[in-house]
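Under UniProt numbering, the residue at position 23 of the sequence shown is numbered 23, and the numbers go up by one with no gaps. We put the beta carbon where it would ideally sit given N, CA and C, even for glycine. Please read all numbers here as calculations on a predicted model, not as lab measurements.
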Amino acid sequence: MRRKCAEDGLKTTGEGLEWGVLFGFGPGLSVETVVLHSVAI
1 MRRKCAEDGL KTTGEGLEWG VLFGFGPGLS VETVVLHSVA I
């Protein structure tokens, strides 16, 4: 992912974005949420 972002001229690993969110849905009513932070390349 870092190589592709560098080739595309983006400044971070998150497709040019600084923050992201990952949601995971489990059985029943469980929802997992993770906040992601991109690193500079």
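Residue i vs residue j beta-carbon contact at 8 Å
i, j, result
"L22", "G16", "no"
Residues bridged to residue i [DSSP beta-bridge criterion]
i, result
"T13", "According to DSSP, which records beta bridges pairwise, T13 is partnered with nothing at all."
"V21", "V35"
"A40", "T12"
Three-state secondary structure (DSSP) of residue i
i, result
"E32", "strand"
Burial state of residue i, where buried means 16 or more other Cβ atoms lie within 10 Å
i, result
"T33", "exposed"
Pick from the options that is closest to residue i, judged by C-alpha positions
i, options, result
"H37", "G24, G26, T12", "T12"
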